[in-house]
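Okay, structure first, notes after.
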Amino acid sequence: MREETSAREAAELRRGDPRGPRSPRGWGLLQALWLLAFYQPVVTEGHLRRRSMELVFVRFSAWQFAGCDRLWAGLVTTLCDHVRRHFGALLLSVFHVVGARPRYASGSSRREWVLKTGACLKLWALLLALAAGLAVLLVALLVPGVKEHRALKVVGSAVASLSGSGLALGALSVLKNLLVSEKRKIERLTDSDRFAGQLGFMSKVRAEVEALVDFLAFMEIFERRRLRVVMEVTSLDLCLPERVAGVLTAVNTLLSDAHAPFIFILALDPGVVVPCLEQTGCMKGLADNGYLFLSRSVSLPFSIPEAGARSRLRCLEAALRTREDLMYGIIAANVERRRRRRDGRKNRRGEAAEPGPEEEEEEEEDDPGWREADSEAAARCIHEAFRCLHDASDALSRYVPTSGAHARRIVNTIPITLRLLLHRAGLAGASSSSSSSSSPGCRSPGCPPGCRPAWGPCPRAAAAWVVLADRWPCRLSWALQCLEDADPAAEGGGDDGRRKLWSVFQEHVAELSALRQPLGNLLSLDGDPEQFGAFLRDDFPFTARQARELLGVTVNLDHSIRRKMGMLRALERLR
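Per this note's numbering, the very first residue in the sequence shown carries number 1049; after that it's consecutive.
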């Protein structure tokens, strides 16, 4: 939108218009105050043809006002506050007192400002009355022959006081609006315990919004370009149904005026918002159809299409960049620092001399082996896992979710899972000695034959397991629960340990289909079922033994899902 407005303004400048856009800053502020006081703006045909535009961006997160009884009031106050800060409090305060609503030109007139005759006459009358009153009062006080006439003193003081009080009231009104913003006015109304039943509450709020719209129309003509307030509404998916309906109703109310300079961008998930709308009473007359309500409210629907491989990797890069900035740069620096410290100790002792048992114990006390080994091994495993995720030629990259929230969860979970695997494998104290010996080939599912992890668990398999738990939590929990119910005491040995997890799921998929009604909300958490089959059947065929080993370090899978499934299976057996 900024690029479009810049291109339009450049086109206006190329046209050679001598009266280009102007800003209410510096000398322009004085011009705006003068026009506010004595002129009324006129919307001409030339103004309507202007293509240059200024956008005022307002971000409204509904979650920040979720605790408010009237979420729409938070939307209106945010709108008023941003407009006030953008143009300045002085201009808006003066407009509330002496501003006039723009009118449309009659015929082909090009005059954009018309003198406010009534306001000028009133001002001149007050000034003349003030001057006359002061003159009479001074004559009554200073002229020797007139001092005894008390009537002149009374008349002069009364006229001067009345005319002066009119001017003082105007100045006080400007000062009041300058100190008390529109946001504060609405907050005072909503702070009252009886605000819902106050007579004329909505009319007061509407009057504030109408004054804001008129002020924006005035600034359009003054700046010689169109003005649009672009409000981005987010986080509606996290609010209660009544709050969601209130915000959408407020948006429709603000857009009910055909000339309202507002553009609302609703960033929401219809799959979450539509059920919220259908639970409230705002669907009466629309056959309780939330999709119909949205289709009538939204004038430009834009459903983000499914992301391709390049977009998924770009989303993953954004999530990885935050983790590298926060964590892995520190890990790499710590590893490098320890390596330099060890090299310095070796140089001091001499490379030919080998440390004795006592010296080795001193090294372990000074620099605990488990911390050093764990940091080095974790850094290597984490970077290798992220390399597999980011490699477009790797099958794992096809299952990276398109949602930014899911990608961040996966990026945050992989380091924890790998650290828990390292800790469970006991590599903290043995990695330094085992790194010198040759390690067997990796037996993790889906890994190429040449994969030989020399520092513990296979990072690719761990990353694949994290992706599996994040993308299909319900189906994975069902397979694990069926595996547990088949032989609760099994440790992963024998034929049961070599059994594929996909075959366990296929064996009990009919039972899962029978329980789809009580498990409907859990099944809605899963991604594409066909991708789940391709993941476990072709690309990463985890065995029962590997599933049991990884289950103990799985932190991104809600274990209450398995408990609920176990209870439902037990009840079905009783029936």
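Note that CB positions come from ideal geometry on N, CA and C, so glycine has one too.
Predicted, not measured: the structure shown is a model, and the values here were computed from it.
(request) Note the first and the last residue of the continuous alpha helix (DSSP H) segment covering PHE1086. (result) 1075-1086
(request) Grab me the residues of LEU1286's own chain with a C-beta within less than 6 angstroms of its C-beta, minus the 5 sequence neighbours each way, in chain order. (result) TRP1111
(message) Short of 6 angstroms in beta carbon distance, which residues of its chain neighbour CYS1429, apart from the five on each side in sequence? Order them along the chain.
(response) LEU1466 and PRO1507
(request) Thinking VAL1448 and ALA1455 are a contact (beta carbons under 8 angstroms), I'd like their distance in whole angstroms, please. (result) 7 angstroms
(request) Classify VAL1322 as buried or exposed, calling it buried when 16 or more other Cβ atoms lie within 10 Å of its own Cβ. (result) buried
(request) Please look up how many angstroms separate the CB atoms of VAL1346 and LEU1302, rounded, as I've assumed it's under 8 angstroms. (result) No, VAL1346 and LEU1302 are not in contact; Cβ-Cβ is about 14 angstroms, not under 8 angstroms.
(message) So, for ASP1373: in the same chain, excluding its five sequence neighbours on each side, which residues have a beta-carbon less than 8 angstroms away from its beta-carbon?
(response) Low confidence applies here, because ASP1373 scores a pLDDT of 45, under 50, leaving its location unreliable; read the following figure in that light. So the list is empty, once near-sequence residues are dropped.
(request) Let me know the alpha helix (DSSP H) ranges lying completely inside the region 1430-1471, each 4 residues or longer, listed in chain order. (result) none
(request) Look at the alpha carbon of PRO1150 and the alpha carbon of PRO1318, and state the distance between them as a whole number of angstroms. (result) 39 angstroms
(request) Please work out which residues of its chain come closer than 8 angstroms, Cβ to Cβ, to LEU1616, disregarding the five sequence neighbours upstream and downstream, and give them in chain order. (result) LEU1563, PRO1566 and LEU1567
(request) Give me the Cα-Cα distance between ALA1216 and GLY1076, rounded to the nearest whole angstrom. (result) 26 angstroms
(message) Going by DSSP in three states, TRP1520 sits in which element: helix, strand or coil?
(response) coil
(request) Taking all protein chains shown into account, decide if PHE1588 is buried (16 or more other Cβ within 10 angstroms of its Cβ) or exposed. (result) buried
(message) Can you list, in chain order, the residues of its chain with a C-beta nearer than 8 angstroms to that of SER1229? Leave out the 5 residues immediately preceding and following it.
(response) CYS1128, ASP1129, ARG1132 and ALA1137
(message) Residues in the same chain with beta-carbon distance under 8 angstroms from SER1071, minus the five sequence neighbours each way, listed in chain order, please.
(response) GLU1271
(message) Restricting to Cα atoms, I'd like to know which of GLY1166, SER1156, ALA1512 and ALA1208 is closest to LEU1176.
(response) ALA1208
(request) List the DSSP bridge partners of GLU1424. (result) None, per the DSSP bridge assignment.
(message) Please tell me whether GLY1338 and LEU1325 are closer than 8 angstroms, where the distance is taken between their beta carbons.
(response) yes
(message) Could you check whether THR1461 and VAL1514 sit closer than 8 angstroms to each other, using their CB atoms as the reference points?
(response) yes
(request) Quick one: give me the first and last residue of the alpha helix (DSSP H) that PHE1341 is part of. (result) 1338-1345
(message) Assuming ILE1311 is part of the alpha helix (DSSP H), what are its boundary residues?
(response) Per DSSP, ILE1311 belongs to no alpha helix (DSSP H); it is in the beta strand (DSSP E), 1310-1314.
(request) Just the C-alpha distance for ASP1586 and THR1125, rounded to the nearest angstrom, thanks. (result) 55 angstroms
(request) Give the straight-line distance between the Cα atoms of PHE1341 and LEU1223, rounded to the nearest whole angstrom. (result) 44 angstroms
(request) Indicate the three-state DSSP secondary structure (helix, strand or coil) for ARG1159 in the structure shown. (result) coil
(request) From the DSSP output, in three-state form, read off GLU1412 for me. (result) Note that GLU1412 has pLDDT 42, beneath the 50 cutoff, so the model's placement of it is unreliable and the number below is only indicative. It is helical.
(request) Measure the CB-CB distance between TRP1161 and PRO1069 and report whether it falls below 8 angstroms. (result) no
(request) Could you say which of VAL1146, ALA1433, HIS1431 and LEU1528 lies nearest to ALA1219 if we only look at CA atoms? (result) VAL1146
(request) Measure the Cβ-Cβ separation of LEU1571 and CYS1522 and say whether it is below 8 angstroms. (result) yes
(request) Taking only the alpha-carbon atoms, compute the straight-line gap between PRO1442 and CYS1436 and give it to the nearest angstrom. (result) Sequence inspection shows Asp at residue 1442; the Pro mentioned does not correspond to that position. Taking the straight line joining both Cα atoms gives about 6 angstroms.
(request) Check each candidate in SER1100, ALA1153, SER1221 and LEU1288 and name the one with the smallest Cα separation from ALA1055. (result) SER1100
(request) To the nearest angstrom, report how far apart PHE1005 and PHE1263 are at their CA atoms. (result) Absent from the model: residue 1005. The displayed extent of the chain is 1049 to 1623, so no value can be given.
(request) Could you tell me whether the region 1101-1110 touches the region 1277-1295, using the rule of 3 or more Cβ pairs below 8 angstroms? (result) yes
(message) Pop quiz: ARG1098 and ARG1276 are said to be a contact at Cβ under 8 angstroms. What is the actual Cβ separation, rounded to whole angstroms?
(response) Not confirmed; about 13 angstroms, so no contact.
(request) Report back the beta-carbon spacing between GLU1290 and THR1328 to the nearest angstrom; my notes put them in contact at under 8 angstroms. (result) 6 angstroms
(request) Could you tell me whether the Cβ atoms of SER1154 and GLU1093 are closer together than 8 angstroms? (result) no
(message) Does LYS1548 come out as helix, strand or coil in the three-state DSSP assignment?
(response) strand
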